[in-house]
Amino acid sequence: MGKKEYLHKQDKRALSLKLVSLLNYLNYPFFYLGFLFLLWLAAEYFLKFLLPPGDLERITAFSQPMAAVLTPAIVGYWTNRLAIKMLFHPRRRNAVWQGLIPARRSDLVSQIAAAVSEYLISPEIIQKYLRESGFLPEFLNRLYPEAREILSGEQLASEVKAILSQEIKRMLEDPATKERLSAYFKERITEWSGVGPGEKLLRWTRSIWEPVVINALKRELPELPTLLERFLPYFEEALARLPEYLGKNRERVGEVFTGFIITGLRSLNLEAIIRKQLEEMDEADIEQLITKTALTELVFIQTSGGIFGTLVGLATIFPFLFFVFAGAGLVLFLIYRLTVE
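Quick note on my numbering: the sequence shown kicks off at 276 and runs consecutively.
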């Protein structure tokens with residue numbers, strides 16, 4: 276991605292994302308204000324015993340309005356921060372409190388695995404993507420020249436012919452193959468000898484001619500590879516025409532290719548695979564996965580507690596601000612209703 280494209284993409288972000296990025300700079304100020312506020316409360320308590328009443332009144336006259344604003348701000352920030360922490364901690368079960376995510380780990384793993392396999396990588400979704408994205412035509416356009424070069428080569432035809440001859444000979448010389456063929460011949464003879472006008476004669480003489488027929492067929496098996504070699508030139512001719520067929524029937528080839536992919540995906544239990552991978556992750560990995568993905572949003576939950584707490588504190592000191600904030604909220608709501616897509 277080029278620099279101009281990246282900047283254009285950044286400009287197209289929703290306004291809320293830009294505001295959140297800006298407001299999240301308040302995260303650390305709210306964090307440290309919590310500690311400073313606790314120190315100030317402790318110092319104010321001891322100052323009652325150390326300062327003259329007049330000096331103490333001047334200090335409290337300055338500190339009380341600030342405390343009225345900072346108290347709801349800090350409480351809002353830290354309660355939200357604590358609530359987020361309580362989602363993940365403590366990780367181990369105990370008699371007081373266990374984090375909600377670790378406590379529901381098995382249920383969450385099952386739900387996530389089911390959702391991912393159903394809504395993200397199901398065979399139907401992959402099939403739809405392959406058809407709509409143009410991936411298959413592009414893939415076949417790249418594959419066709421390579422396939423034509425490979426399939427048109429004489430070396431490939433010779434190698435395929437040698438492999439076919441070798442495999443056919445090996446299969447026919449296998450005792451298990453001979454036994455299967457014998458069983459098949461006997462079954463066919465049984466079915467055939469029971470039909471037609473001469474069925475009784477065939478049935479009566481079956482014990483005589485059946486062994487002769489089967490032995491004759493077995494003797495012909497070793498000669499079968501030689502007979503099949505006569506048809507290999509036709510195979511070579513078909514192999515030579517294959518590139519042309521692929522070029523003329525790319526749409527059909529694409530459908531077959533898609534079918535292979537879908538069949539392979541359906542043979543996999545995607546939900547079980549995803550569940551197994553998630554179950555192998557410990558609680559720390561799951562927490563990192565979630566927080567890393569939604570870090571900006573989680574930080575904003577904390578800072579928004581501090582921001583709204585600050586507004587409440589200001590409205591407490593200056594009551595007229597309540598109407599200002601209510602009016603601003605109404606204006607924002609109207610803008611939302613008029614501009615929502």
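In this text, a Cβ means the ideal position worked out from N, Cα and C, and glycines have one as well.
Just so we're clear, the structure is a prediction, and the values are computed from it rather than from any experiment.
Item	Value
Where Arg406 and Pro398 are concerned, what is the direct C-alpha to C-alpha distance, given to the nearest angstrom?	12 Å
Mind checking which residues open and close the alpha helix (DSSP H) that includes Gln563?	558-568
According to DSSP, is Leu325 part of a helix, a strand, or is it coil?	helix
With burial defined as no fewer than 16 other Cβ atoms inside 10 Å of the residue's Cβ, what is the status of Thr578: buried or exposed?	buried
Measuring only the C-alpha atoms, how far is Glu558 from Leu362?	11 Å
Between the beta-carbon of Gly581 and the beta-carbon of Phe310, is there less than 8 Å?	no
Please classify Asn355: does DSSP put it in a helix, a strand, or coil?	helix
Can you round the beta-carbon distance between Ala631 and Gly588 to whole angstroms, since I take them to be within the 8 Å contact cut?	One cannot answer for residue 631 here, as it falls past the ends of the chain, which runs 276 to 616.
Hey, how far is the Cα of Ile400 from the Cα of Phe598?	51 Å
According to DSSP, is Arg288 helix, strand or coil?	coil
On the CB-based measure, 16 or more other CB atoms within 10 Å of its CB, does Val606 come out buried or exposed?	exposed
Take Ala388 and list the residues in its own chain whose beta-carbon comes closer than 7 Å to its own, dropping the five residues that flank it on each side.	Glu546, Ile549, Arg550, Leu553
Which of the three DSSP states, helix, strand or coil, is assigned to Trp372?	coil
Does DSSP classify Arg379 as helix, strand or coil?	coil
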